[in-house]
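Chemist:
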Amino acid sequence: MHRHPPTRAIFLLVLLLAALPGLGRAAVRVFVTVQPQAWLAERVGGDVVGVETLVAPGQSPHTFEPRPHQVEQLMEADLFWRTGMPFEDAWLGKIRATNPRMAVLDAREGIDLLPEPHHGDDHGHVHGGSDPHLWTSPRVAKRMAAGLAQALARIDPAHSGQYAANLARLTADLDALDREIASTLEPLRGRRFLVFHPAWGYFADAYGLTQVAVERGGKEPGPKTLAQLADDARRSGIRTVFVQPQFSQRIAETLAAGIGGRVVVLDPLAKDYPESLRAAARALAEAESR
Ligand code: ZN
3 MHRHPPTRAI FLLVLLLAAL PGLGRAAVRV FVTVQPQAWL AERVGGDVVG VETLVAPGQS
63 PHTFEPRPHQ VEQLMEADLF WRTGMPFEDA WLGKIRATNP RMAVLDAREG IDLLPEPHHG
123 DDHGHVHGGS DPHLWTSPRV AKRMAAGLAQ ALARIDPAHS GQYAANLARL TADLDALDRE
183 IASTLEPLRG RRFLVFHPAW GYFADAYGLT QVAVERGGKE PGPKTLAQLA DDARRSGIRT
243 VFVQPQFSQR IAETLAAGIG GRVVVLDPLA KDYPESLRAA ARALAEAESR
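Heads up: the sequence shown at position 18 corresponds to 20 in the working numbering, and the numbers run straight through without jumps.
1. Measuring straight from C-alpha to C-alpha, what distance separates ARG191 and ALA283?
2. With THR55 as the anchor, note down where its alpha helix (DSSP H) starts and where it stops.
3. Could you give the residue range of the beta strand (DSSP E) that holds GLN213?
4. Go through its chain and collect everything with a Cβ distance to LYS144's Cβ below 6 Å, but skip five positions before and after it.
5. Please tell me whether, using a cut-off of 7 Å, the distance from the CB of PRO119 to the nearest non-hydrogen atom of ligand 1 is below it.
6. When you measure from the CB of ALA201 to every non-hydrogen atom of ligand 1, does any distance come out below 7 Å?
7. Among residues of its own chain, excluding the 5 on either side of MET87, which ones have a beta-carbon nearer than 6 Å to its beta-carbon?
8. If you compare alpha carbons, which of VAL32, VAL73, PRO117 is closest to ALA99?
9. Can you tell me the Cα-Cα spacing of GLY131 and GLU118, whole angstroms?
10. Does ligand 1 have even one heavy atom less than 7 Å from the beta-carbon of HIS135?
11. Measuring from the CB of PRO63, is there a heavy atom of ligand 1 at a distance below 7 Å?
12. Measuring only the C-alpha atoms, how far is PRO294 from VAL214?
13. Write down every uninterrupted run of the alpha helix (DSSP H) in the region 46-102 whose length is 4 residues or greater and which is fully enclosed by it, in chain order.
14. Out of THR186, LYS273, ILE157, ALA259, which has the shortest C-alpha to C-alpha gap to ALA79?
15. Can you name the start and end residues of the beta strand (DSSP E) that ARG171 belongs to?
16. Leaving out five residues on either side along the sequence, give the residues of the same chain with a beta carbon under 7 Å from the beta carbon of TYR209.
17. Could you spell out where the alpha helix (DSSP H) holding ALA287 opens and where it closes?
18. Beta strand (DSSP E) containing ARG194: first to last residue?
19. Does the beta-carbon distance from LEU154 to MET146 come in below 8 Å?
20. Let me know if ARG31 comes out buried or exposed under the rule of 16 or more other beta-carbons within 10 Å of its beta-carbon.
21. With DSSP run on the structure shown, which of helix, strand or coil describes THR138?
22. On the three-state DSSP scale, how would you describe ARG110?
23. Measure the beta-carbon distance from VAL216 to LEU271 and round it to whole angstroms, keeping in mind my assumption that it falls under 8 Å.
24. Grab the span of the beta strand (DSSP E) containing THR242 for me, first residue to last.
25. Can you look up ALA153 in the DSSP assignment and give me helix, strand or coil?
26. Secondary structure at SER132, three-state DSSP: helix, strand or coil?
What follows is the structure, given as structure tokens:
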């Protein structure tokens, strides 16, 4: 076979340029709501997808509003992968109007949704709605990733084989993570745990646990609810109040002091998705063994 060194050199140069970060444009630009979704999207998209996250570290997706520069960037997005946070509904119409070609994938599609915990007031009025913290179960994350791979293949059919291969590897990793967490939490089956903001519903559901939220309808509980929570915790032998870094820890500390327990931080919004779930499982196992 004949070799053509100049052609080969140009080919290698093109390969090299394509591999350099920041050079060239990603084939597909995806926006996601929270960091764990970004981790999943980077795994499914590999090096042909550029991923941007709306809710920055430290921010709460419940009170978040996109910044003007993010709205501008969204105008160039190919896909918005939403999870069902209220701000998405508030902004989607505006963004769609300025970027009609952007596809929107709702991560809730095909998922057995859990009801929103205590989405009401102290008097027990419930307003419906579903729990938007889908990703805290690796089983749900797996289905979310499959939906994303399909959406990416529709937008960018040229790389569909790559998306399918990436998804297969990710699925195997999520299955292994699921088995690991299931074995860590097996001895705790049927137990309840206290958490300030109820972000762990799907996680609890996957491993036979029940989260008891301190927050009521997205707000700090009143003194009566707090006293009831403390009574209930004492009776059940619960000594740990889990909090997440994006929320005030004042009420959780008051409650922990009231039950002679302590506050432990878990982060359901961390970018290192598998490590945040592993850390949650370890912290729960440790809290129960004290
Ligand atoms: Zn939340």
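Beta carbons: idealized from backbone N, C-alpha and C, even for Gly. Everything numeric in this text was worked out from a predicted model, so none of it was measured.
Modeler: Put simply:
1. 12 Å
2. DSSP places THR55 outside any alpha helix (DSSP H); the residue lies instead in the beta strand (DSSP E), whose first and last residues are 51-55.
3. 212-215
4. THR173, LEU176
5. No, since every heavy atom of ligand 1 falls outside the 7 Å radius drawn around the Cβ of PRO119.
6. yes
7. THR35, PRO63, PRO134
8. VAL73
9. GLY131 and GLU118 have their C-alpha atoms roughly 6 Å apart.
10. At least one heavy atom of ligand 1 is nearer than 7 Å to the Cβ of HIS135, so yes.
11. yes
12. Since the displayed the chain opens at 3 and closes at 292, residue 294 lies outside it and no answer follows.
13. Annotation: the region 46-102 contains the following complete segments of the alpha helix (DSSP H) (minimum length 4 residues), in chain order: 70-76, 88-100.
14. ILE157
15. No beta strand (DSSP E) holds ARG171; the alpha helix (DSSP H) holding it covers 162-187.
16. ILE183, ALA184, LEU187
17. 275-291
18. 194-197
19. Result no, Cβ atoms of LEU154 and MET146 do not sit closer than 8 Å.
20. Answer is buried; the Cβ neighbour count reaches 16.
21. Looking at THR138 - three-state DSSP - the assignment turns out to be helix.
22. coil
23. Not a contact, Cβ separation roughly 18 Å.
24. 242-245
25. helix
26. strand
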